[in-house]
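The block underneath contains the structure these notes are about, expressed in structure tokens.
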Amino acid sequence: SLAFTILGVAAFMAFSFTLGRRIVFDAIRWTNDTFRSEYAVITVILAIMGAMALITDLIGVHTVLGAFVAGILVGESPILSRHIEGQLRGIITALFMPVFFGVAGLSADLTVLIDPQLALLTVALVAIASVGKFGGAFIGAEVAGMSRAEGIAVGCGMNARGSTEVIVASIGLSMGVLSHNLFTMIVTMAVITTLAMPPTLRWALGRLPIAEQEQKRLEREDIDQRGFVANLERLLVVVDEGVVGRFAAYLAGVIGAGKPTTVLHSSGEIDAEPTEGLHLDEIEKGAEDSREAARKSDETPAREAPVTRRQHDVLSAEGVAKEARKGYGMLLVGLGRAVTAKGGFSHRLNEVAGAFDGPLCLVLKPASAGRQVPRLGPQSGKILVPVNGTAVARRGAELALAIAAVTGAPVKMLYVARAGRDEPRDTVSHRRREAVLKDIVALADRYGVEIETAIRSRAAAADAIARQAGRNAALIVMGVARRQGEELIFGETTTAVLQRSPCPVVLISDERLRRDESDREAVRTGTGAG
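Counting from 147, one number per residue, gives the positions in the sequence shown under this note's numbering.
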């Protein structure tokens, strides 16, 4: 019976972390993409947990092992959004954790510690466990080149046992490997070390000054928390077979490395090269360049994420809307002949973009930009980024810096000020300009990109952008505000830039506010009609 249990556990673990991982990932993805219910994915996750718990129960092991493995697999799912993760965390914290620890507590009998011999053994167990965990962590910190103060802090933080030891002890108790007395001693050790961790770690960190590298990491995390690209979870890409489509696919790989991506491919472009899977190759090339750049900058490379491709002979708004309902953080569009001579947008682009209410990223090649798209690199032309202090302009700057961090292309930030250069330093506009440029410089430092800044005063924004673009610009990246209505309208400045730009343009917009939502907002703020 013991041999059967051991072999069963081994087979269960082997299956779970091979085929089981793929089954769990596909089940979560299929549920998210198929059902419209708010809690459909949560239901499937709970079903997976229950099924795996029943399997371990049939093997003869505690059900918590199955639930524990299910939690590992679910946590690794690339389609698990922050929204779903928050819902799941609430259920675990409010329901499963109290029930599990309550049951574990009922299995422990603290009255056995009245026996002096068992009490001394428990004290020895706590001491041995603490010294072993602390010593191992401290030695590891020394090997990693940390200071002694840092090693002490790592040891104090690692000494807490938390739930893992209780889970393992519960499994051992159910298998008959542990007696109730030993189980009680292990649970006592886990509780004591966990309770001791906060005060000891606080004491250790109080003696530890924040190093420059740690300060940079904290600043980077703060910027990422407020950023746009860093918080993208899933990317929808619409491309055709032209050069713009291929360039957009490469940018999708650069931006969306490590994020689940779906490609809706529309055929029928005149300058097409109908090579099957060409766009997937471009996306993978961009993602690999992104991972290589992360390795060079000592950051954690993005993990590989699934890329789904769907072919459409004629891509309709209904097809995009149907796919968009599955939940995407941004729609990236790269279609040929999408810009008219007057700086407007084609009917096809209006249809595709109109079916998506979230942020848009449009890769455009105006008629004045020639037939080719740039090959971005350290020796290429500059990425020109107009900024004005708005949230969408900052989003455009972040997108440009994310591209430059991977490709190595130089970046130039252009601030167009209405006032002159010689305005007093204590004016509101001067302080605002300094604050905007300071924020952009901090953002560039986060991505490890050196930027050039330029300020143009008393000039129309479109004229200043067009003149700067004519000075060896390979790409213009603009953050634009999306106007209300069914057609794409981003304002007069954007239209003028698209009419005169000598290079491709990438527009990134904010979310679209539907009319009913805007009416409610107007009523809330008191700006609506009486």
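Built from N, CA and C at the ideal position, the CB exists for glycine as well.
Every value quoted in this text rests on a predicted model; they were computed, and no experiment measured them.
Checklist entry - Taking three-plus beta-carbon pairs below 8 Å as touching, is the stretch 469–483 in contact with the stretch 491–506? => result Flag = yes, the stretch 469–483 and the stretch 491–506 touch.
Item to check | Collapsed DSSP secondary structure at residue 203 in the structure displayed | outcome: The residue you call residue 203 lines up with position 57 of the sequence shown. In the structure shown, residue 203 sits in a helix (DSSP, three-state: H, G or I).
Checklist entry - The alpha helix (DSSP H) spanning residue 655 covers which residue range? => result Position 509 of the sequence shown holds residue 655. Boundaries for residue 655: no alpha helix (DSSP H) harbours it, while the beta strand (DSSP E) harbouring it runs 651–655, taken from the DSSP string.
Checklist entry - Mind checking residue 575: buried by the 16 CB within 10 Å criterion, or exposed? => result Counting from one through the sequence shown, the residue named residue 575 turns up at place 429. Using a 10 angstroms sphere on the CB of residue 575, the tally of other CB atoms stays under 16, which defines it as exposed.
Item to check | Reference residue 199; option with closest CA among 614, 185, 217 and 412 | outcome: Numbered from 1 along the sequence shown, position 53 holds the residue referred to as residue 199. For residue 199, the closest alpha carbon among the candidates 614, 185, 217 and 412 is that of 217.
Checklist entry - Near residue 650, which residues of its chain fall below 6 Å by C-beta distance, leaving aside the five closest residues on each side in sequence? => result Within the sequence shown, the letter at position 504 stands for residue 650. For residue 650, where only same-chain residues beyond five positions count, the Cβ hits under 6 Å are 511, 515, 519 and 621.
Checklist entry - Who are the near neighbours of residue 542 in its chain, counting only those whose CB is closer than 7 Å to its CB and skipping five residues on each side? => result Counted from its first residue, the sequence shown places residue 542 at position 396. The beta carbon of residue 542 sits closer than 7 Å to those of 531, 623, 624, 625 and 654, all from its chain and outside the five residues before and after it, given in chain order.
Item to check | Top-ranked residue by Cα proximity to residue 215, from 237, 227, 192 and 236 | outcome: The residue labelled residue 215 in the question sits at position 69 within the sequence shown. Out of 237, 227, 192 and 236, 192 has the C-alpha closest to the C-alpha of residue 215.
Next on the checklist: Strictly by DSSP, which residues pair up with residue 532?
Outcome noted: Working through the sequence shown from its first residue, we reach residue 532 at position 386. Residue pairing by DSSP places residue 532 opposite 560 in a beta bridge.
Next on the checklist: On the CB-based measure, 16 or more other CB atoms within 10 Å of its CB, does residue 243 come out buried or exposed?
Outcome noted: Position 97 of the sequence shown, counting from 1, holds the residue named residue 243. Exposed is the call here.
Checklist entry - Going by DSSP, which residues form a beta bridge with residue 409? => result As a first step, residue 409 must be located in the sequence shown, where it is residue number 263. Answer is 383 and 455, bridged to residue 409.
Checklist entry - Residues in its own chain within less than 6 Å of residue 497 by CB, not counting five upstream and five downstream? => result Here residue 497 corresponds to residue number 351 of the sequence shown, with the count starting at 1. Result list for residue 497: 463, in chain order.
Checklist entry - So who's on the other strand from residue 603, going by DSSP bridges? => result Taking the sequence shown and counting its residues from 1, one reaches residue 603 at position 457. Residue pairing by DSSP places residue 603 opposite 563 in a beta bridge.
Next on the checklist: Mapping the DSSP letters down to three states, classify residue 192 as helix, strand or coil.
Outcome noted: The count along the sequence shown starts at 1 and reaches residue 192 at position 46. Of the three classes helix, strand and coil, the one that applies to residue 192 here is helix, per DSSP.
Checklist entry - Which residues mark the beginning and the end of the beta strand (DSSP E) in which residue 626 is found? => result Mapped onto the sequence shown, residue 626 falls at position 480. Counting along the chain, residue 626 sits inside the beta strand (DSSP E) bounded by residues 619–626.
Checklist entry - Closest to residue 319 by CA distance: which of 211, 363 and 528 is it? => result Within the sequence shown, numbered from 1, the residue matching residue 319 stands at position 173. Nearest option by C-alpha distance: 211.
Next on the checklist: Beta-carbon within less than 6 Å of residue 456's beta-carbon, same chain only, minus the 5 sequence neighbours each way: which residues are those?
Outcome noted: By one-based count along the sequence shown, residue 456 stands at place 310. Excluding positions up to five away in sequence, the list reads 410.
Checklist entry - With DSSP run on the structure shown, which of helix, strand or coil describes residue 438? => result Within the sequence shown, the letter at position 292 stands for residue 438. Residue 438 falls in the helix class under three-state DSSP.
Item to check | Where residue 554 falls: helix, strand or coil (DSSP) | outcome: For this step, residue 554 is matched to residue 408 along the sequence shown. Residue state, collapsed to three classes: coil.
Item to check | Residue nearest to residue 311 in terms of C-alpha spacing, selected from 247, 155 and 434 | outcome: As a working note, residue 311 is residue 165 in the sequence shown. Out of 247, 155 and 434, 247 has the C-alpha closest to the C-alpha of residue 311.
Next on the checklist: One question on the structure: do residue 546 and residue 383 come within less than 9 Å of each other, judged by their Cβ atoms?
Outcome noted: The sequence position of residue 546 within the sequence shown is 400, counting from 1. The sequence position of residue 383 within the sequence shown is 237, counting from 1. If you check the CB distance, residue 546 and residue 383 do not come in under 9 Å.
Item to check | Close-in-space but distant-in-sequence residues of the same chain around residue 239 (CB under 7 Å, 5 per side omitted) | outcome: For the purposes of this step, residue 239 is identified with residue 93 of the sequence shown, where counting begins at 1. Take residue 239, set aside five residues on each side of it, and no residue of its chain has a beta-carbon closer than 7 Å to its own.
Checklist entry - With 16 other CB atoms within 10 Å as the buried threshold, where does residue 305 fall? => result For this step, residue 305 is matched to residue 159 along the sequence shown. Buried, by the Cβ-count rule.
Item to check | C-alpha gap between residue 560 and residue 485, whole angstroms | outcome: In the sequence shown, counting from the first residue as 1, residue 560 sits at position 414. In the sequence shown, counting from the first residue as 1, residue 485 sits at position 339. Taken atom to atom, the span from the alpha-carbon of residue 560 to that of residue 485 is near 24 Å.
Checklist entry - Taking the C-alpha atoms as reference points, what is the distance between residue 183 and residue 233? => result Numbered from 1 along the sequence shown, position 37 holds the residue referred to as residue 183. Numbered from 1 along the sequence shown, position 87 holds the residue referred to as residue 233. Taking C-alpha positions only, residue 183 is separated from residue 233 by approximately 13 Å.
Next on the checklist: Our contact map puts residue 339 next to residue 272 with C-beta atoms below 8 Å; I'd like the distance itself, whole angstroms only.
Outcome noted: Numbered from 1 along the sequence shown, position 193 holds the residue referred to as residue 339. Numbered from 1 along the sequence shown, position 126 holds the residue referred to as residue 272. Cβ-Cβ separation between residue 339 and residue 272: approximately 7 Å, consistent with a contact (criterion under 8 Å).
Checklist entry - Secondary structure at residue 319, three-state DSSP: helix, strand or coil? => result If you number the sequence shown from 1, residue 319 lands on position 173. DSSP places residue 319 in helix when its eight states are reduced to three.
Checklist entry - What did DSSP end up calling residue 212 once you bin it into helix, strand or coil? => result On the sequence shown, residue 212 is found 66 positions in, with the first residue counted as 1. Helix.
Item to check | Neighbourhood of residue 435 by C-beta distance below 6 Å, restricted to the same chain and skipping five residues each side | outcome: The count along the sequence shown starts at 1 and reaches residue 435 at position 289. Here the set comprises 552.
Checklist entry - Quick one: Cα of residue 490 to Cα of residue 636, how far? => result Taking the first residue of the sequence shown as position 1, residue 490 is located at position 344. Taking the first residue of the sequence shown as position 1, residue 636 is located at position 490. In this model, residue 490 and residue 636 are separated by some 10 Å (Cα to Cα).
Next on the checklist: Need the endpoints of the beta strand (DSSP E) that residue 509 sits in, please.
Outcome noted: Within the sequence shown, residue 509 is the residue found at index 363, counting from 1. If you look at residue 509, you'll find it in the beta strand (DSSP E) that goes 506–510.
Item to check | At least 3 beta-carbon pairs within less than 8 Å: the stretch 257–268 vs the stretch 219–226 | outcome: Not touching, per the Cβ criterion.
Item to check | In chain order, each beta strand (DSSP E) run of at least 3 residues that lies wholly inside the stretch 235–297 | outcome: Within the stretch 235–297, no complete beta strand (DSSP E) segment of 3 residues or longer occurs.
Checklist entry - Using the rule of at least 16 other Cβ atoms within 10 Å of the residue's Cβ for burial, across every protein chain shown, is residue 678 buried or exposed? => result Here the chain comprises residues numbered 147 to 676, so residue 678 is not present and cannot be evaluated.
Item to check | Where residue 598 sits in the DSSP three-state scheme | outcome: Counting from 1 along the sequence shown, the entry for residue 598 is found at position 452. Residue 598 falls in the strand class under three-state DSSP.
Item to check | Residues near residue 592 by beta carbon distance below 6 Å, same chain, minus five either side | outcome: Mapped onto the sequence shown, residue 592 falls at position 446. Closer than 6 Å at the Cβ level, and outside the excluded window around residue 592, lie 366 and 369.
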